[in-house]
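Engineer: Taken in order, these protein sequences are the chains called C and D. All letters in the first sequence, in the order written, are residues 686 to 1236 by my numbering. All letters in the second sequence, in the order written, are residues 15 to 199 by my numbering. Before I ask anything, let me first share the structure, which is written out below as C-alpha cells.
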Amino acid sequence: MSESKPEVREASKLPAKRISAAWIIPIVAVLLGLWLVAQHISGQGPQITITFETAEGLQAGKTVVKCRSVAVGKVEDVKLSSDLKSVIATVRMNQSAVDLLREDTRFWVVRPRVGGGSVSGIDTIFSGAFIQLEPGSEERTLNEFTGLEDPPATPQDVPGLRFIIKAKSARSLGVGSPIFYNGYEVGQIEKSDFDQESLLMEHHGFVRAPYNELVTENVRFWNSSGINFDVDSKGFSFQAGSIESIISGGLAFGIPKDSSRGEPVSDGAVFELFDSFSEINKLTLQANLPYLLMFDDSVRGLLVDAPVEFRGIQVGKVVDISFEYLQEPEDRRVPVLIQIDPTRFGNFDVENAELARHEIDKAITQGLRASLRTGSLITGQLYVDLDFEEDADPVTSSKVGELSVIPTQGSSLSRIEDRVVQVLDKVRNLPVEKTLSTATDALAEIKQTAGAATDVANDLKKTSAALEALLTSPDVESLPAEFRLTLKEAQKSIQGVGPDSTLFTDLARTLEDLQATLQSVKVLADTIDNKPNSLIFGKEGAGKDPVPGRR
Amino acid sequence: MCRFILFVFLFLLVACSSSPQKAYILTPDGPAPRGGGGVSIGIGPIRLADYLMRPEIPVATGVNQLEYAYDSLWAGSLEKQLTGTIAVNVGRRLKTGTLYHYPWSQTSNVRYQVSLDVRTFHTTTDGRAILDTGWRVYDLQMKKIVSARSSYLVEEFSGEGFSPATSAQSRLVSRLSAEIARTIR
C-alpha cells in the first residue's frame, strides 16, 4: 500500500469586490436632495407672527404678504391666540425681505372696504385678500407684530405734520375726513379715538408738506361738515363747505381775524375743534370780571355767549342764565351772569382787573345800566347793552352772594311795548263815541238849521216872488237891479249848505270813512291786546284755520 | 348725511309753505236790471252783530263756539257786500234798476227803504249756513212801515271749504232778498 497525500490547493487571493456603480444614483439623489433642502432653507427668510383681531380673508398657504405690490412672504398658518381674542398669522418671509422687518413696520389686511366716503380694495374681491407691509425705519428688528385693523390713511414716509384735534363730539368726522385750508384739501384725519378720561374725541390729523407750514400756533380748526345754519343776535348766517365736505364731513383751519399767524408747530401739537367758522372769530376774553344782571323782564331770546356791548363795542359776553344765583326764594328777577373784559375798554391791563372793577363800580353810581336790546328783529335774539342812563335812580353797587350786580332797566322791546300800549290806551280813551255823537248831534242841528234855512229860503222865495211882483210893479221898477241880484245870490248861498249840498254829502262820506278806520283800529287794538307780539310774529293760529263744511 | 340734507331741505320747504290769504265775496243771483224807471229802492242801514265786525270769516265749530279763519277774509266790508247783494237781488225780483245804498241824498227820491239788523251770519263745520235777521221796509212817500219781520234761514251745503260755504251764504242772502221783495210787491 502506498501512502498518497491529498492534494492541497493553495488559496488564491481574489481582488476585493468593488462597489456597484448603481449606488451612484441614490447617492446623487441624496446629495441632490440635501442640496435642495439646503437651498430651500437658505432661500427661506425668517418666520414672523402677526396678530390680527380677525382672520377674515386670510388663508394658510395662500395669502401673500406684499410690499409695494411685490410678494415678500406667505401666510403659513392661521390660528387663534391662547386667550381666543385674536388670531395669529404665521408668515414665512422671503430672505430678501429681512430688512423690511423693523420695529415700526406696519401690517394690515387689504380687503374690500366701503365707507367713510371712499371705496378701497375692490381688486381683492377676485384676487383674494393680502397682507400689506409698510416698511419701518427703526434700527431694531422684530419677529412679532400686531397688525392694523384699518389701513393707515397716509403712508409714514410722506412728509407732513401730525397733530391732535380735540372735539366735544365726533359729529360727522372720521378716519379719512379731509382737512381744508381755504377750501383746498391739504390733509386728512388718520385716526379718531374717544378719550374716556377727558370725554373728548381725539382726531389725529395729518397735513402733508409743504402745507404743514400753514399749521401755526394761532390757527383754529372748525368743523366744515354739512350745512351750518346759525341764528344769533346779529341775524341769520348760512355756511356750506365744498360738496365733498358736505357729504363726507371735513375740517377746515384758518387764522381768526385780528390774530397773527404765530410760530409753526411741531408733530403732536394739540388743537381744539370749533363748531363753525363763526365760532373761531368769537371774542376770546383776556380777563374776566363776572357781574350779575337781574332782569325784571323775560330774557327769552338771550342766549349764552350773546355779546355784552358798551355803546356798540363788545366788551364781554353772557356766561350763564340761571335762577341758581338767586339768594332769596321770593326774588322773581331773572339773573344773567356776564363776563366783562376790561382790556376791551382799552386802558386796563389784564393785571389791573381789580382797578377795573373799582372803575365799573364808580360808573354804576354815575348811571351805568344794563338793558336787553334786540340784535335782530327777524330772529328776536337779544344782547346786553351797557350804557349811562341820564335820569337813572342813584344806586351804589350791590352784591348777590359773591357776585357784583350791575343795575338793569327794562328792555328796549318792553319799553316799545309799553309805549305802544300807552298809545293804544290813549287811542282807546279817545272820546270817539262822544265825538261821534256830538258830530251826529251837530249834523242833526245842521240839518235842522238847514231845514229851517230851507223854510227861510222858501219864505224868502215867496217873499222874493212877492218882491218880484212888487218889483215888476211899475212903482218899484225904478229900484236898482242890483238889489234883485243880491237876493238871488243869497238864496243860492243858503242852498249851498242844505242837505242836498255837496258839502253835506262830503261830510257824510267823511264820517263813513272815519267809522271804517275806527273799525280797523279796533280790530288791530283787539289783536295786539290779545297777543302783543303778533306785531312781529304774526297772528297766532294762522294756518290752523277752521274749515266750514261737512267732513 | 344724505338724510341730514334732506331734512334741511324739507325744513326750508316747510318754512316757505304758509298758506296765502284768500278773500271771499257774496254774489247776487245775477246782474241788476239795466234800465231804471222801476220803483226806487234804498237798502240800508244794515247793522251787523258785533262778532261780524272784522274781516276774518267766522266759522261755528261748536254749539256756542266760533273760530275765525285768519287766512280767509271777507273781501272788503261785509256790511257793504250785504247791502250791494241785497240791493241787486231785490232789484232783479222787482225788475228795477233804481237802487240806492244807504246813505243816499234827499234828492234821490227813494220810495222804499229796507233796513236790517243781522244777528247771525256764519257757516258751521257740519255743513250749514245760517242767516238770522230782523228787517223793516218803509214806504218813504206814504211815511209808513210796510213790513217789520225777522227771518231765520238755514241752507245746507255739501263739500268742504270756504267756496261752497260762501256760495251757501250767497243763497241765504238771495232767499232773504226774495222775502223782502215779496213784501214790497
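Where a beta carbon is used, it is the ideal one built from N, C-alpha and C, also for glycine. Remember, predicted model here, so these are calculated numbers, not experimental data.
In angstroms, rounded to a whole number, what distance separates the CA positions of L66(D) and A1129(C)?
Structural biologist: Cα to Cα, L66(D) sits roughly 29 Å from A1129(C).
Engineer: Spatial neighbours of G111(D) within its chain, please: CB distance less than 8 Å, with the 5 preceding and 5 following residues excluded, ordered by chain position.
Structural biologist: Answer for G111(D): A46, P47, R48, G49, G50, G51, G52 and G105, listed in chain order.
Engineer: Compare the C-beta of G1234(C) with all C-beta atoms of chain D and state if any pair is closer than 8 Å.
Structural biologist: Cβ-Cβ to chain D under 8 Å: yes for G1234(C).
Engineer: Listed from N- to C-terminal order along the chain, which residues in the segment 78-90 of chain D have their beta-carbon within a distance smaller than 7 Å of any beta-carbon of chain C?
Structural biologist: The segment 78-90 of chain D vs chain C, Cβ under 7 Å: E81, A83, Y84, D85 and S86.
Engineer: On the DSSP letters alone, give me the boundaries of the alpha helix (DSSP H) that L167(D) sits inside.
Structural biologist: Segment K158 to E170 is the beta strand (DSSP E) holding L167(D); no alpha helix (DSSP H) there.
Engineer: Could you check whether the Cβ of D64(D) sits closer than 7 Å to any heavy atom belonging to the ligand ZN?
Structural biologist: For the ligand ZN, the structure offers nothing, since it holds no ligand at all.
Engineer: Just the Cα atoms here: how many angstroms apart are I79(D) and S1219(C)?
Structural biologist: Per the sequence shown, the amino acid found at residue 79(D) is Gln instead of Ile. Taking the straight line from one Cα to the other gives about 23 Å.
Engineer: Within its chain, find whatever has a CB closer than 6 Å to the CB of R61(D); leave out the 5 residues flanking it on each side and keep chain order.
Structural biologist: Excluding sequence neighbours, R61(D) sits near D131.
Engineer: Measuring only the C-alpha atoms, how far is H115(D) from L1057(C)?
Structural biologist: So the two alpha carbons sit approximately 54 Å from each other.
Engineer: For D1198(C), return the contacting residues in chain D, with the cut-off set at a CB-CB distance below 9 Å.
Structural biologist: Correct list: empty, because the minimum Cβ distance to chain D is about 11 Å.
Engineer: Taking the runs of the beta strand (DSSP E) that are 3 residues or longer, which of them lie wholly in the segment 985-1073 of chain C?
Structural biologist: List check, beta strand (DSSP E) in window: 992-995, 998-1006, 1019-1025, 1053-1059 and 1067-1073.
Engineer: Count the other C-beta atoms from every protein chain shown that fall within 10 angstroms of the C-beta of L145(D), then say buried if there are 16 or more, exposed otherwise.
Structural biologist: When all chains shown are included, L145(D) counts as buried.
Engineer: Please list the segments of the beta strand (DSSP E) lying wholly inside the segment 105-134 of chain D, counting only runs of 3 or more residues, in order along the chain.
Structural biologist: Correct list: 113-115.
Engineer: Taking all protein chains shown into account, decide if K1002(C) is buried (16 or more other Cβ within 10 angstroms of its Cβ) or exposed.
Structural biologist: Result: buried.
Engineer: Does the beta carbon of D140(D) come closer than 8 Å to any beta carbon on chain C?
Structural biologist: It does; some Cβ of chain C falls within 8 Å.
Engineer: Is L786(C) helix, strand or coil when you go by DSSP?
Structural biologist: Here L786(C) sits in coil by DSSP.
Engineer: So, under 8 Å CB-CB, T147(D) and V73(D) are touching, yes? Tell me the CB distance rounded to an integer number of Å.
Structural biologist: That pair is no contact at about 19 Å.
Engineer: If you draw a straight line from the C-alpha of T75(D) to the C-alpha of S86(D), how long is it?
Structural biologist: Computed Cα separation, rounded: 15 Å.
Engineer: Hey, would you say M865(C) sits closer than 8 Å to V900(C), going by beta carbons?
Structural biologist: A small correction: the amino acid at residue 865(C) is Phe; Met does not occupy that position in the sequence shown. In this structure, V900(C) does not lie closer than 8 Å to F865(C) by Cβ.
Engineer: Determine whether the Cβ of P863(C) lies closer than 8 Å to any Cβ atom of chain D.
Structural biologist: Judged by the 8 Å Cβ criterion, P863(C) is not in contact with chain D.
Engineer: Are there three or more Cβ pairs, one per stretch, closer than 8 Å when the segment 764-784 of chain C is compared with the segment 701-716 of chain C?
Structural biologist: Cβ pair count under 8 Å is below three, so no.
Engineer: Who are the near neighbours of K36(D) in its chain, counting only those whose CB is closer than 8 Å to its CB and skipping five residues on each side?
Structural biologist: The answer, listed in chain order, is D85, S86, L87 and F176.
Engineer: Taking S165(D) as the reference, which of G173(D), R142(D), R133(D) and Y152(D) has the closest Cα?
Structural biologist: Among G173(D), R142(D), R133(D) and Y152(D), the Cα nearest to that of S165(D) is on R133(D).
Engineer: Which partner residues of L1188(C) appear in the DSSP bridge assignment?
Structural biologist: In the DSSP output, where bridge partners are listed per residue, L1188(C) has none listed.
Engineer: Decide if P156(D) is buried, meaning its Cβ has at least 16 other Cβ atoms within 10 Å, or exposed.
Structural biologist: Note on identity: in this sequence residue 156(D) is Met, with Pro being the wrong assignment. Counting Cβ neighbours within 10 Å, M156(D) comes out exposed, since fewer than 16 surround it.
Engineer: I believe L154(D) touches R125(D) by the beta-carbon criterion, under 8 Å. Please report the beta-carbon distance rounded to the nearest angstrom.
Structural biologist: Contact flag correct, Cβ pair sits at about 6 Å.
Engineer: So, helix, strand or coil for E819(C), using DSSP?
Structural biologist: Residue state, collapsed to three classes: strand.
Engineer: For K155(D), report the span of its alpha helix (DSSP H) as first-last.
Structural biologist: The residue asked about is misnamed: residue 155(D) is Gln in this sequence, not Lys. No alpha helix (DSSP H) contains Q155(D), which DSSP labels as neither H nor E.
Engineer: Compute the distance between the beta-carbons of Q95(D) and I159(D), then report whether it is under 8 Å.
Structural biologist: Not closer than 8 Å, so no.
Engineer: Would you kindly work out how many angstroms separate the C-alpha atoms of E170(D) and I1131(C), rounded to a whole number?
Structural biologist: Their Cα atoms are separated by approximately 49 Å.
Engineer: Taking only the alpha-carbon atoms, compute the straight-line gap between V1085(C) and S1007(C) and give it to the nearest angstrom.
Structural biologist: The straight-line gap from Cα to Cα measures roughly 13 Å.
Engineer: Please classify V28(D) as buried or exposed, where buried requires at least 16 other C-beta atoms within 10 Å of its C-beta.
Structural biologist: Annotation note: pLDDT 48 at V28(D) (below 50); position unreliable, no value reported.
Engineer: DSSP three-state label for D1218(C), please.
Structural biologist: According to the sequence provided, residue 1218(C) is Asn. The question's Asp does not apply to it. Correct three-state label for N1218(C): coil.
Engineer: Go through its chain and collect everything with a Cβ distance to Q999(C)'s Cβ below 8 Å, but skip five positions before and after it.
Structural biologist: Counting only Cβ-Cβ distances below 8 Å, and skipping sequence neighbours, we find L968, P992, V993 and R1029.
Engineer: Buried or exposed for E902(C), please, with buried defined as at least 16 other CB atoms from any protein chain shown within 10 angstroms of its CB.
Structural biologist: With fewer than 16 Cβ atoms within 10 Å of its Cβ, E902(C) is classed as exposed.
Engineer: Shortest alpha-carbon distance to T826(C) belongs to which of L785(C), V794(C) and S805(C)?
Structural biologist: Considering only alpha carbons, the answer is L785(C).
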